[in-house]
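**Student:**
Residue numbers (the UniProt record's numbering): 1 to 207.
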């Protein structure tokens, strides 16, 4: 495609919704952080977020971006953010293809007292180091303590320090490597989802 055929969108001319559509259709595929947390009153919460990445290797820090509520709870503070802010512990569960529908069910906009573990139909597993729940069926669960929360525009960047990683033995390849083809990660697209298998590489892979 030549430069003459490309459309130009200046952010100053776009609404927030228009810019959002361009971003989620461009920055893909995105991994899904299926975040489990607990309120200060002990109410369990489970919700997916696709603005998610590794922020630092040393110390090991993961980043998720949490926006305002949508649909019936539009503009409100999401329960996940409230729980992390108050309890300062949470778990990121990785989503394989077979858990896609369960993950999607947990994305529903519901009241804080609703247990999304039950809504998704998944099993609560106690954290190994932290007093927060994990998803038993998830092949990987990463336990984190809150490092900091940074407001950026109308969203919040949540940075958490990794304290413990639970990995199903069946997908562990040894030497601290994970057999990606065995856990089949699910990725978020622009409102849709996709599997990432089969994979391929260019040249020699890193150790």
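A virtual CB, placed ideally from N, CA and C, is assigned to each residue, including glycine.
Bear in mind that the values here come from a model prediction, so they are computed numbers and not experimental data.
Identify whether residue 41 lies in helix, strand or coil by the three-state DSSP scheme.
**Tutor:** Position 41 of the chain shown, counted from the start, is the residue given in the question as residue 41. Residue state, collapsed to three classes: coil.
**Student:** Could you say which of 17, 82, 171 and 176 lies nearest to residue 40 if we only look at CA atoms?
**Tutor:** Numbered from 1 along the chain shown, position 40 holds the residue referred to as residue 40. Of the listed residues, the one whose Cα sits closest to residue 40 is 82.
**Student:** Secondary structure at residue 31, three-state DSSP: helix, strand or coil?
**Tutor:** By 1-based counting over the chain shown, the position of residue 31 is 31. Reduced to three states, the DSSP call for residue 31 is strand.
**Student:** Exposed or buried, what is residue 93 when buried is set at 16 or more other beta-carbons lying within 10 Å of its beta-carbon?
**Tutor:** Taking the first residue of the chain shown as position 1, residue 93 is located at position 93. With 16 or more Cβ atoms within 10 Å of its Cβ, residue 93 is classed as buried.
**Student:** Are residue 144 and residue 161 close, meaning C-beta to C-beta below 8 Å?
**Tutor:** For the purposes of this step, residue 144 is identified with residue 144 of the chain shown, where counting begins at 1. For the purposes of this step, residue 161 is identified with residue 161 of the chain shown, where counting begins at 1. Yes; because the gap between Cβ atoms is below 8 Å, this pair is in contact.
**Student:** Output the distance between the C-alpha atoms of residue 38 and residue 149, rounded to the nearest integer angstrom.
**Tutor:** The sequence position of residue 38 within the chain shown is 38, counting from 1. The sequence position of residue 149 within the chain shown is 149, counting from 1. Each residue's alpha carbon lies about 17 Å from the other.
**Student:** Could you give the DSSP three-state label for residue 47: helix, strand or coil?
**Tutor:** Position 47 of the chain shown holds residue 47. In the structure shown, residue 47 sits in a strand (DSSP, three-state: E or B).
**Student:** Apart from the five residues on each side of it in sequence, which residues of its chain come closer than 8 Å, Cβ to Cβ, to residue 43?
**Tutor:** The sequence position of residue 43 within the chain shown is 43, counting from 1. Apart from sequence neighbours up to five positions away, the residues of its chain that approach residue 43 with a beta-carbon distance below 8 Å are 112, 113 and 115, ordered along the chain.
**Student:** Cβ atoms of residue 29 and residue 189: under 8 Å apart, would you say?
**Tutor:** Reading the chain shown from its first residue, position 189 is the one you call residue 189. Reading the chain shown from its first residue, position 29 is the one you call residue 29. Yes.
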